[in-house]
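>
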DNA sequence: GCTTACGGTAAGTCATGACTTACAAATTAG
DNA sequence: CTAATTTGTAAGTCATGACTTACCGTAAGC
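Protein chains in written order, with this note's numbering: chain A, 34 to 138; chain B, 34 to 138.
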């Protein structure tokens, strides 16, 4: 459902850098922009995408907007992976059972 | 390093559908193309991307090429998430300790 | 041998998205 | 109130990538 948002958000290098920069501490847009090789408006646009993917969240403080990590996005990602694996394992198991049954027959 | 490949591979709807279709059983290109609303060459190109991201692998059998799941891609993804979280937790912990110290001072 | 089936590749089109500069809104400082 | 700071938004440019049709190589069947 929202997997597309999370995957495409983290598919971009600049966004992944921003996201990993927030790993250490909450930061303002200006602080984040200084670390990146792109302009501040570009960072703003990236933050909007990250926010839509529920990977970051904002906390306004005066004119500044302090961005920090939002757990929801990565939790969704982990859920996707986990569910995928359980499905894979059950499918493989039935495949194995089928092959075993063929052997017996 | 290869995170970009995995994220961008799964960011596309068609590719995610193909990837999830392989969850159940290995399939040929033709079988996968029948389930998708795009042409067979398009599926071929998507499979190349998925293969580059180590999400699927091929097994030639005559003229057919049987695609199946490759664990490496998703393992890399899970590794990314896990490492991210350990970094986040340690950063938060030091933040909490700093705040506690400030209170005491 | 020839034909058919399967699938990868080439070339071209079109939409998306990452980036820029210019501008506007909102809060703080004097 | 005015000026300065911070940030989001608008508009436009340019590259990327998802898709199509046409084509080529390769293995199997008659």
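Beta carbons are placed, not taken as given, at the ideal position from N, Cα and C, and that holds for glycine. Please read these numbers as outputs of a predicted model, since none were measured by experiment.
Short of 8 Å Cβ to Cβ, which residues in the region 77-109 of chain B face chain A?
Within the region 77-109 of chain B, the residues whose Cβ lies closer than 8 Å to some Cβ of chain A are 102, 107, listed in chain order.
> In the DSSP assignment, find the unbroken beta strand (DSSP E) run with residue 98/A in it and report its ends.
Along the first chain, read from residue 1 onward, the residue named residue 98/A stands at position 65. Element bounds for residue 98/A: 97-102.
> Going by DSSP, what residues sit across from residue 94/B in a beta bridge?
Within the second chain, residue 94/B is the residue found at index 61, counting from 1. DSSP output for residue 94/B lists 97/B as bridge partner(s).
> State the Cα-Cα distance for the pair residue 118/A and residue 57/A, rounded to the nearest angstrom.
Within the first chain, the letter at position 85 stands for residue 118/A. Within the first chain, the letter at position 24 stands for residue 57/A. Looking at the two C-alpha atoms, the distance is approximately 30 Å.
> Can you name, in chain order, every residue of its own chain whose Cβ lies under 6 Å from the Cβ of residue 142/A, other than the five neighbours on each side?
No answer is possible for residue 142/A: it lies beyond the span of chain A, which begins at 34 and ends at 138.
> Residues of chain A with CB under 8 Å from residue 73/B, in chain order?
Locating residue 73/B in the second chain gives position 40, counting from the first residue. Correct list: empty, because the minimum Cβ distance to chain A is about 24 Å.
> Can you give me the start and stop residues for the alpha helix (DSSP H) that residue 46/A sits inside?
Looking up residue 46/A in the first chain gives position 13. Segment 46-54, the alpha helix (DSSP H) holding residue 46/A.
> On the criterion of 16 or more Cβ atoms from any shown chain inside 10 Å, does residue 97/A qualify as buried, or is it exposed?
Numbered from its first residue, the first chain carries residue 97/A at position 64. Looking at its Cβ environment, which holds fewer than 16 other Cβ atoms inside 10 Å, residue 97/A is exposed.
> Grouping DSSP H, G and I as helix and E and B as strand, with all else coil, what is residue 89/A?
Mapped onto the first chain, residue 89/A falls at position 56. Strand at residue 89/A.
> Exposed or buried, which one is residue 83/A when buried takes at least 16 other CB atoms within 10 Å?
Numbered from its first residue, the first chain carries residue 83/A at position 50. Buried is the call here.
> Apart from the five residues just before and just after residue 155/B, which ones in its own chain have a Cβ nearer than 6 Å to its Cβ?
With chain B running from 34 to 138 in the structure shown, residue 155/B is simply not present.
> According to DSSP, is residue 35/A part of a helix, a strand, or is it coil?
Residue 35/A sits at position 2 when you count from the first residue of the first chain. If DSSP states are grouped into helix, strand and coil, residue 35/A belongs with coil.
> Kindly list the residues whose CB is nearer than 7 Å to the CB of residue 77/A, restricted to its own chain and excluding five residues on each side of it in sequence; keep chain order.
As a working mapping, residue 77/A is identified with position 44 in the first chain. Excluding sequence neighbours, residue 77/A sits near 62.
> Taking the straight line between their C-alpha atoms, what separation do you get for residue 126/B and residue 108/A?
Here residue 126/B corresponds to residue number 93 of the second chain, with the count starting at 1. Here residue 108/A corresponds to residue number 75 of the first chain, with the count starting at 1. Roughly 20 Å between the two C-alpha positions.
> Given that residue 41/B touches chain A, what residues does it touch there, using C-beta distances under 8 Å?
Numbered from 1 along the second chain, position 8 holds the residue referred to as residue 41/B. Ordered by position in chain A, the residues that pass the 8 Å Cβ test against residue 41/B are 40, 41, 44.
> Who are the near neighbours of residue 122/A in its chain, counting only those whose CB is closer than 6 Å to its CB and skipping five residues on each side?
Within the first chain, numbered from 1, the residue matching residue 122/A stands at position 89. Result list for residue 122/A: empty, nothing under 6 Å.
> For residue 62/B, report the span of its alpha helix (DSSP H) as first-last.
As a first step, residue 62/B must be located in the second chain, where it is residue number 29. Residues 62-68.
> One question on the structure: do residue 79/B and residue 35/B come within less than 7 Å of each other, judged by their Cβ atoms?
For the purposes of this step, residue 79/B is taken as residue 46 along the second chain, with counting starting at 1. For the purposes of this step, residue 35/B is taken as residue 2 along the second chain, with counting starting at 1. Contact flag unset, no.
> Using DSSP with H/G/I as helix, E/B as strand and the rest coil, what is residue 123/A?
For the purposes of this step, residue 123/A is taken as the residue at position 90 of the first chain. Residue 123/A falls in the helix class under three-state DSSP.
> Would you mind sorting residue 44/B into buried or exposed? The rule is 16 or more other CB atoms within 10 Å of its CB.
Position 11 of the second chain, counting from 1, holds the residue named residue 44/B. So residue 44/B ends up on the buried side.
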